[in-house]
Amino acid sequence: MSDYGHDLIFGSFLTPGSADATQPVRLAMLSEQVGLDLVTFQDHPYQPAYLDTWTLMSFVAARTSRVRLAANVTNLPLRPPAVLARSIASLDLLSGGRTELGLGAGGFWDAIESMGGRRLSPGQAVRALEEAIEIVRQVWDAGARGGVRVDGEFHRVIGAKRGPAPAHDVPVWIGAYKPRMQALTGRLADGWLPSLPYLQPGDLAKGNAVIDEAATAAGRSPTDVRRLLNISGRFTATGSGPLQGPAEQWAEELADLALTEGVSAFILASDDPDDLRRFATEVAPATRELVAAER
1 MSDYGHDLIF GSFLTPGSAD ATQPVRLAML SEQVGLDLVT FQDHPYQPAY
51 LDTWTLMSFV AARTSRVRLA ANVTNLPLRP PAVLARSIAS LDLLSGGRTE
101 LGLGAGGFWD AIESMGGRRL SPGQAVRALE EAIEIVRQVW DAGARGGVRV
151 DGEFHRVIGA KRGPAPAHDV PVWIGAYKPR MQALTGRLAD GWLPSLPYLQ
201 PGDLAKGNAV IDEAATAAGR SPTDVRRLLN ISGRFTATGS GPLQGPAEQW
251 AEELADLALT EGVSAFILAS DDPDDLRRFA TEVAPATREL VAAER
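Numbering (UniProt numbering), first residue to last: 1 to 295.
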């Protein structure tokens, strides 16, 4: 049983479709209006049916005032980390400290390679991600002496100027499913962000154990790593399975995930305005109430 004690966060996970470029913007604005804390977008730069995620996030930042924004998760192989660091810091400054960093090591390697990215093995992708995190944090450390210096196997940044610093300490959330990535998350990251549909029973507990062990070995506390979770489901009058039922059932299941698996951020993958509204106004407050009663 693992409850890491973090405050609960509820968010949306939106498709950045280009067929109606205003739709993801409207859904992001709705997410804020109904009380969600976070709006995230898929990031697939090789997908021609999608808007560029970071351009979209900049536009959404200008149309909102409170909600936090993140790519879920940033496709690192197609985004040079030093440039990415400045993009994030810039948007964080412009949005008043509302930008977070979700990072992924890469997937869909044929598509990545077709866009000019380098195909990596799983082990290489983990090492490249570790180098990228170091570069990003050095760029953000604007007050440190000297330039950014990472002479890595996959990323080489020698002497780049530091800055700008973001408006707040931007957390790094890692989309991780395998032990090597989870161990990296425990050593270096501020959050673990998998998607529930890709997990098997027991995977959350196993991942938490790997992350906790790696965090402790690195001199950190397991509570330094927030556990976030992308979820999906259907609202129905009667229950027919996990996250397939009324809002009350959703709240009970999410509260159980919070109290037994340590999940403190629930991000709903949906482009349905009614589902987003119900998630924010019915599920989120009920889940918070159930968790508070048990803590």
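Glycine included, every Cβ here is placed at the ideal spot set by N, Cα and C.
Where do the N-terminal and C-terminal ends of the beta strand (DSSP E) with residue i fall, by residue?
i    : result
F10  : 9-14
V150 : 148-151
G104 : 101-104
T40  : 38-41
A160 : 156-160
L229 : 226-231
Quick test of your reading: residue i and residue j, contact by CB under 8 Å. State the CB separation rounded to the nearest angstrom.
i    : j   : result
R63  : M29 : 6 Å
P16  : Y50 : 5 Å
T281 : G35 : 7 Å
L91  : S58 : 6 Å
Leaving out the 5 sequence neighbours to the left and right, which residues in its chain are closer than 8 Å to residue i when beta-carbon positions are compared?
i    : result
V263 : L204, R227, L228, L229, L254, L257
Leaving aside the five residues before and after residue i along the sequence, list all residues of the same chain whose C-beta is less than 7 Å from its C-beta, in chain order.
i    : result
A183 : V210, A214
R118 : P77
Y177 : P194, Y198
I9   : D37, L38, S264, A265
E113 : R119
Please return the same chain residues whose Cβ sits closer than 6 Å to the Cβ of residue i, not counting the five positions on each side in sequence.
i    : result
R26  : none
P171 : E100, D190, G191
What are the boundary residues of the alpha helix (DSSP H) that residue i is part of?
i    : result
A264 : Residue identity differs from the one stated: residue 264 is Ser in this sequence, not Ala. Not the alpha helix (DSSP H): S264 falls in the beta strand (DSSP E), residues 263-269.
L30  : 22-33
E131 : 122-140
E282 : Looking at the DSSP string, E282 is not in any alpha helix (DSSP H), and its letter there is neither H nor E.
Applying the 10 Å Cβ sphere with the 16-neighbour rule, what's the burial state of residue i?
i    : result
V83  : exposed
D158 : Checking the sequence shown, residue 158 turns out to be Ile, not Asp. Per the 10 Å Cβ criterion, exposed.
T55  : exposed
G5   : exposed
A132 : buried
Is residue i a contact residue of the ligand ZN, with contact defined as CB to any heavy atom under 7 Å?
i   : result
V25 : With respect to small molecules bound, the structure shown includes none, and the ligand ZN cannot be examined in it.
Where in the stretch 44-95 do unbroken runs of the beta strand (DSSP E), each at least 3 residues long, occur, reported from the N-terminal end onward?
-> 68-71
Any alpha helix (DSSP H) of 4 or more consecutive residues that is wholly inside the stretch 172-222 = 179-188, 203-217
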